[in-house]
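With this note's numbering applied, the sequence shown has no gaps in its numbers, which climb one by one up to 312 at the end.
Glycine included, C-beta positions come from ideal geometry on N, C-alpha and C.
Let me begin by presenting the structure, written as structure tokens, before commenting on it.
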Amino acid sequence: MLSLIARSALVATLAVAPAVHAQTLRWASQGDPQTMDPHSQNESMTNMMNGQVYEKLVNRDKQLGIVPALATEWQQVSPTLWRFKLRPGVKFHDGTPFNADDVVFSMERGAAPTSTINQYATAVGKPRKVDDLTVEFQLAAPNPIFLQHLETLWIMSKVWCEKNRVARPLDFKNKEESYAGLNANGTGPYMLVSRAPGIKTVYKRNPNWWGKFEGNVQEIVYTPIANDATRLAALVSGEIDFVLDPAPRDIARLRNTAGVKIIDGPENRIVFIGMDQFRDKLLYGSVP
């Protein structure tokens, strides 16, 4: 049984990989999703969790190539015009059919000032509905990484957002709260069952998902455990099935712990140190 995942960025894939009999996956990390609103906060843990519920027009495969998701095919009609055919028969978790109106709405919502992905939403140009299953994007100028920008944009239900008064992203920076912050309605492989910030988030499998499941996970239970020692104890005792981020100092001991398996691998992320280049003098210290 896969009990611990170390230094991995692909939780959605790894969550279904173990060949186990239990159908509930219990896992933990030190962090917690900041919001269920997929356009409100562009943060790794938040995106990772929202990616169980929400989908995009295009996605990444395991080799990081761009592949179809809610769009089945596309063509670059001209240097500044892209046309997409949408996947037929897809429904949101509440049963509402997915169509071009949702795509146009989601792109416009993602471009709102309160969205932290607005730089990507504006980069894909102006969306236009051609028919229920066709959408075009008109760009002001050619964008050589258009598909890469599109791969960051989650699709929401226009009907659901308008019904619940969340037609714009919540203003996370100013601590705004909204229905979309604690509830979700996507087209993805798992449906949000309950959300208790800082305590527990529960998902269940979407039986009507258009895609193909790998594995047998029917339910996912995520518990944030900030303390390294407590998180480790929960793993070793069997309270949880895997930990995303074991403390580096514990790795050697865990490799020799019965029933625990460590998987090491590269991450798809960039870590950098930013320097303040705009002050005449350093803010701290005696260096002029």
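Buried or exposed (CB count within 10 angstroms, at least 16 for buried), residue i
i, result
"ALA276", "exposed"
"GLY134", "buried"
"PHE122", "buried"
"VAL101", "exposed"
"PRO112", "exposed"
"ASN292", "exposed"
"MET73", "buried"
"SER131", "One point to set straight first is that residue 131 is Met, not Ser, in the sequence displayed. Flag for MET131 reads buried."
"LEU177", "buried"
"ASP126", "buried"
"THR96", "exposed"
"ASP304", "exposed"
Whole-number beta carbon distance between residue j and residue i, since they are thought to touch under 8 Å
i, j, result
"ILE179", "THR211", "7 Å"
"VAL217", "LYS224", "Wrong, their Cβ atoms sit about 10 Å apart, outside the cutoff."
"ARG192", "ALA136", "5 Å"
"ASN207", "HIS117", "Not a contact, Cβ separation roughly 10 Å."
"TYR194", "GLU201", "First, the residue type needs correcting, since residue 194 is Leu and not Tyr in the sequence shown. Indeed they touch by this definition, with Cβ atoms about 7 Å apart."
"TRP184", "THR138", "Not quite, the Cβ-Cβ distance comes to about 18 Å (not below 8 Å), so this is no contact."
Residue i in three-state terms, based on DSSP
i, result
"TRP106", "strand"
"ARG219", "strand"
"GLU97", "strand"
"PHE266", "strand"
"TRP184", "helix"
"GLN242", "coil"
"VAL260", "helix"
"ASN292", "coil"
"VAL319", "Any question about residue 319 goes unanswered here, given that the chain covers just 25 to 312."
"GLN301", "coil"
"PRO272", "helix"
"HIS45", "Note that HIS45 scores 48 on pLDDT, short of 50, meaning its location in the model is unreliable; the coordinates nonetheless yield the value given after this. Coil."
"ASN71", "helix"
"TYR344", "Beyond the ends of the chain as shown, which are 25 and 312, falls residue 344; an answer cannot be given."
Three-pair Cβ contact test at 8 Å for the region 154-172 versus the region 104-121
Yes, since at least three Cβ pairs between the region 154-172 and the region 104-121 fall closer than 8 Å, the two stretches touch.
The region 47-56 / the region 249-266 touching (three or more Cβ pairs under 8 Å):
yes
Taking 8 Å as the cut-off, does the region 267-284 touch the region 73-91 (at least 3 CB pairs, one atom from each stretch)?
no
Whole beta strand (DSSP E) runs in the region 111-167 with 3 or more residues, listed along the chain?
For the beta strand (DSSP E) assignment, the uninterrupted runs of no fewer than 3 residues enclosed by the region 111-167 are, from N- to C-terminal side, 150-155 and 158-162.
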